[in-house]
Structure formats: structure tokens, C-alpha cells
Amino acid sequence: MTPSADQIAAFQANGGFAPSAVAAVVLGFVFAVLLLWGVWAMRTAYVGWAEHRITERQFLGVVVRFVAMYLVLTFFLLS
Numbered sequence: 172m173t174p175s176a177d178q179i180a181a182f183q184a185n186g187g188f189a190p191s192a193v194a195a196v197v198l199g200f201v202f203a204v205l206l207l208w209g210v211w212a213m214r215t216a217y218v219g220w221a222e223h224r225i226t227e228r229q230f231l232g233v234v235v236r237f238v239a240m241y242l243v244l245t246f247f248l249l250s
């Protein structure tokens, strides 16, 4: 639902910033959290692989799943 011009003007008057700025901050936060989680998941998988607790195939599965999730979220959130 697209806000009307009056709603945007009221938002800017009360908030002091544009709604698009809020959207940029929220998207930045989502991607920052996703990247932090991905680094944590890949590091944990790497430690497991280095200590021979998981196989190389399982390690690559973690990496491929993260990359796929990042690409899908990028497509849906930035298109």
C-alpha cells in the first residue's frame, strides 16, 4: 500500500526524516544481521570440519545454503 502525499508529509513533519530513510535503515539492519549470522554459521562449520566432526560435504552444504539464502533475500528485498 503506497502512502498518500499527505501521509508522507505528516510523517516527515513529525519524524523529521523521510519514510525511505527508515526503509534503508531497516534493510541495512536485516542484511547486517544476516551477514553476522552467516559468518557465525560458516565459522562454526569450519571449526567442525577442521576438527573432523563434520565432513567436507556438510561444510560446503552450510556455505551453499547461506549463499543461496543471501541471494534470495537480496533479490526479494532489493527488487
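For what it's worth, the working numbering labels the leading residue of the sequence shown as 172, then goes sequentially.
Even for Gly, the Cβ is constructed at its ideal location relative to N, Cα and C.
* To do: Report the three-state DSSP secondary structure of Phe-246 (helix, strand or coil).
  => Reading the sequence shown from its first residue, position 75 is the one you call residue 246. Helix, per DSSP.
* **Span separating the alpha-carbon of Ile-225 from that of Val-204** => Here residue 225 refers to the residue found at position 54 when the sequence shown is read from its first residue. Here residue 204 refers to the residue found at position 33 when the sequence shown is read from its first residue. Going by the C-alpha atoms only, they are around 25 Å apart.
* **Proximity to Leu-244 [Cα-Cα], best of Tyr-217, Trp-220, Leu-206, Glu-227** => By one-based count along the sequence shown, residue 244 stands at place 73. The candidate whose alpha carbon is nearest that of Leu-244 is Leu-206.
* How is the alpha helix (DSSP H) around Ser-191 delimited, first residue to last? -> One-based indexing of the sequence shown puts residue 191 at position 20. Unbroken alpha helix (DSSP H) run through Ser-191: 190 to 221.
* **Range covered by the alpha helix (DSSP H) that runs through Ile-179** => Position 8 of the sequence shown holds residue 179. For Ile-179, the uninterrupted alpha helix (DSSP H) run begins and ends at 176 to 186, by DSSP.
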